[in-house]
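Residue numbering for the sequence shown follows the numbering used here, starting at 9 and increasing by one per position.
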Amino acid sequence: MGLTYAEAIAKSKFLKAKDMMILDSAPDKTIELKKQSLFDVYDDLEKCLPKADVVFIAVKPYHAEALMRDMKPHVAEGQIFISIMAGVTIGAIQEGLGVEKVVRAMPNLPAQVGKGLTSFTAADEVSRLELSTIENLLDTTGRSVRLDTENDIDASTGISGSGPAYIFYFMQSMLEAAKKMGFSGHDSKVLVGQTFEGAVELFNTHDLDPETWMNRVASKGGTTRAALDSMDDNNVKELIKEAAYAAFDRAVELGKEFQNA
Ligand SMILES: NC(=O)c1ccc[n+]([C@@H]2O[C@H](COP(=O)([O-])OP(=O)(O)OC[C@H]3O[C@@H](n4cnc5c(N)ncnc54)[C@H](OP(=O)(O)O)[C@@H]3O)[C@@H](O)[C@H]2O)c1
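Right, here's the structure in full:
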């Protein structure tokens with residue numbers, strides 16, 4: 009995910025690739041990145057961290073504590089830290105690094121294709137001007153939404169952060185139905201993929217809610233109504249809402265687990 013941001017920022021020309029430094033502890037990744045010689049790649053925090061103005065932290069949450077311990081001696085005055093680590097709070101990062109300017113962000117997977125949604129919130133110490141720079145950086149992977157509180161970030165995890173997996177779940181169900189109806193793997197993929205793409209395009213380009221679109225497809229006594237009635241009879245909408253809340257609750261829980269670790 010860190011590399012996704014680096015590549016998107018470089019592609020956007022907001023910053024030149026050579027103005028970015030990358031550090032990763034996985035040797036295979038650094039060797040590959042050095043070969044591409046697009047970014048300055050480092051193995052050593054001491055050599056790169058003090059020179060940075062903005063620092064992205066993109067490791068798994070269980071690496072956070074050890075990483076912050078290693079980073080702390082090398083942080084410099086005025087640096088801004090953007091963390092995308094799920095569940096690691098702004099307070100924990102401020103304390104772990106001994107810094108003030110921290111932004112907590114929650115991206116999602118479509119960032120890889122420039123269609124991501126990053127929700128973020130910032131510590132009070134981050135200025136308006138700095139926030140606008142951060143927004144520009146985050147927007148390079150798609151769109152960003154600034155939220156008021158960290159609880160909102162946990163809630164957005166349940167909608168946009170984990171959301172792509174809900175869509176894939178729905179797609180998988182439709183693929184399985186298509187295959188059962190006798191379509192080939194290729195045809196099933198086209199039927200499902202294009203249907204999702206078309207529906208999303210309609211939703212994004214018009215100011216109509218999904219209910220209205222559903223009613224435009226469905227007519228009384230018709231095929232779509234039969235499908236929608238079947239979903240309603242099986243309480244599918246409530247179950248999806250419950251699933252989103254399960255992700256939200258888990259995000260809150262992970263944050264508590266990290267603080268108590
Ligand atoms: N992927 C998503 O869709 C998504 C969505 C929302 C939020 N996030 C958040 O984004 C963060 C990164 O996720 P990811 O999927 O990109 O993880 P990832 O593929 O594991 O990438 C993290 C990289 O950081 C390296 N690393 C670990 N400890 C390090 C250290 N001390 N110093 C330098 N590098 C270190 C890892 O190396 P090793 O492989 O050797 O450990 C790995 O190459 C996570 O906190 C996750 O919660 C991800």
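Each residue gets a CB set at the ideal place from its N, CA and C atoms; glycine is no exception.
Beta-carbon spacing of residue i, residue j below 8 Å
{"i": "serine 196", "j": "leucine 155", "result": "no"}
{"i": "valine 96", "j": "proline 69", "result": "yes"}
{"i": "proline 172", "j": "threonine 149", "result": "no"}
{"i": "glycine 106", "j": "lysine 123", "result": "no"}
{"i": "methionine 28", "j": "alanine 14", "result": "yes"}
{"i": "phenylalanine 204", "j": "methionine 179", "result": "yes"}
{"i": "isoleucine 92", "j": "methionine 9", "result": "yes"}
{"i": "leucine 146", "j": "alanine 186", "result": "no"}
{"i": "alanine 252", "j": "isoleucine 167", "result": "yes"}
{"i": "methionine 117", "j": "valine 153", "result": "The residue you asked about is not methionine; residue 117 is leucine in the sequence shown. Not closer than 8 Å, so no."}
{"i": "tyrosine 174", "j": "isoleucine 88", "result": "no"}
{"i": "glutamate 103", "j": "threonine 129", "result": "no"}
{"i": "phenylalanine 47", "j": "isoleucine 65", "result": "no"}
Buried or exposed (CB count within 10 angstroms, at least 16 for buried), residue i
{"i": "glycine 230", "result": "exposed"}
{"i": "threonine 12", "result": "buried"}
{"i": "lysine 24", "result": "exposed"}
{"i": "glycine 1", "result": "The structure shown does not extend to residue 1, since the chain is modelled only from 9 through 269, so no value can be given for it."}
{"i": "phenylalanine 176", "result": "exposed"}
{"i": "lysine 109", "result": "buried"}
{"i": "glycine 190", "result": "exposed"}
{"i": "glycine 206", "result": "exposed"}
{"i": "aspartate 132", "result": "exposed"}
{"i": "aspartate 162", "result": "buried"}
{"i": "threonine 213", "result": "exposed"}
{"i": "glycine 169", "result": "buried"}
{"i": "alanine 119", "result": "buried"}
Beta-carbon separation (whole angstroms), residue i vs residue j, contact threshold 8 Å
{"i": "threonine 165", "j": "phenylalanine 256", "result": "6 Å"}
{"i": "histidine 82", "j": "leucine 53", "result": "5 Å"}
{"i": "isoleucine 101", "j": "methionine 76", "result": "7 Å"}
{"i": "isoleucine 90", "j": "valine 67", "result": "Going by Cβ atoms, the distance from isoleucine 90 to valine 67 rounds to 13 Å, so no, they are not a contact pair."}
{"i": "serine 259", "j": "alanine 94", "result": "Residue 259 is actually alanine in this sequence, not serine. Indeed, because the Cβ distance is near 7 Å, the residues count as touching under 8 Å."}
{"i": "leucine 57", "j": "valine 49", "result": "About 14 Å separates the two Cβ atoms, so there is no contact after all."}
{"i": "valine 198", "j": "leucine 183", "result": "Contact flag wrong, Cβ pair sits at about 11 Å."}
{"i": "alanine 226", "j": "threonine 232", "result": "4 Å"}
Three-state secondary structure assigned by DSSP to residue i
{"i": "phenylalanine 176", "result": "helix"}
{"i": "isoleucine 92", "result": "coil"}
{"i": "methionine 79", "result": "helix"}
{"i": "glycine 124", "result": "strand"}
{"i": "methionine 222", "result": "helix"}
{"i": "leucine 270", "result": "Here the chain comprises residues numbered 9 to 269, so residue 270 is not present and cannot be evaluated."}
{"i": "methionine 29", "result": "strand"}
{"i": "valine 208", "result": "helix"}
{"i": "methionine 182", "result": "helix"}
{"i": "aspartate 51", "result": "coil"}
{"i": "methionine 239", "result": "helix"}
{"i": "asparagine 116", "result": "coil"}
{"i": "glycine 201", "result": "helix"}
{"i": "glutamate 85", "result": "coil"}
{"i": "threonine 97", "result": "coil"}
{"i": "alanine 234", "result": "helix"}
{"i": "glycine 166", "result": "helix"}
{"i": "lysine 264", "result": "helix"}
{"i": "threonine 157", "result": "coil"}
{"i": "serine 196", "result": "helix"}
{"i": "phenylalanine 191", "result": "coil"}
{"i": "alanine 34", "result": "coil"}
{"i": "leucine 41", "result": "helix"}
{"i": "lysine 59", "result": "helix"}
Residue(s) in a DSSP beta bridge with residue i
{"i": "isoleucine 17", "result": "Note: isoleucine 17 sits in no beta bridge, so no partner."}
{"i": "threonine 213", "result": "According to DSSP, threonine 213 bridges with nothing at all."}
{"i": "serine 152", "result": "Thr126"}
{"i": "valine 111", "result": "Ile90, Ala130"}
{"i": "isoleucine 65", "result": "Ser91"}
8 Å Cβ cutoff, residue i in contact with chain B
{"i": "phenylalanine 89", "result": "Within the model displayed, chain B is absent; a lone protein chain is all it includes."}
Cβ-heavy atom distance, residue i to ligand 3, below 7 Å
{"i": "alanine 16", "result": "Ligand 3 is absent from the structure shown, which contains only ligand 1."}
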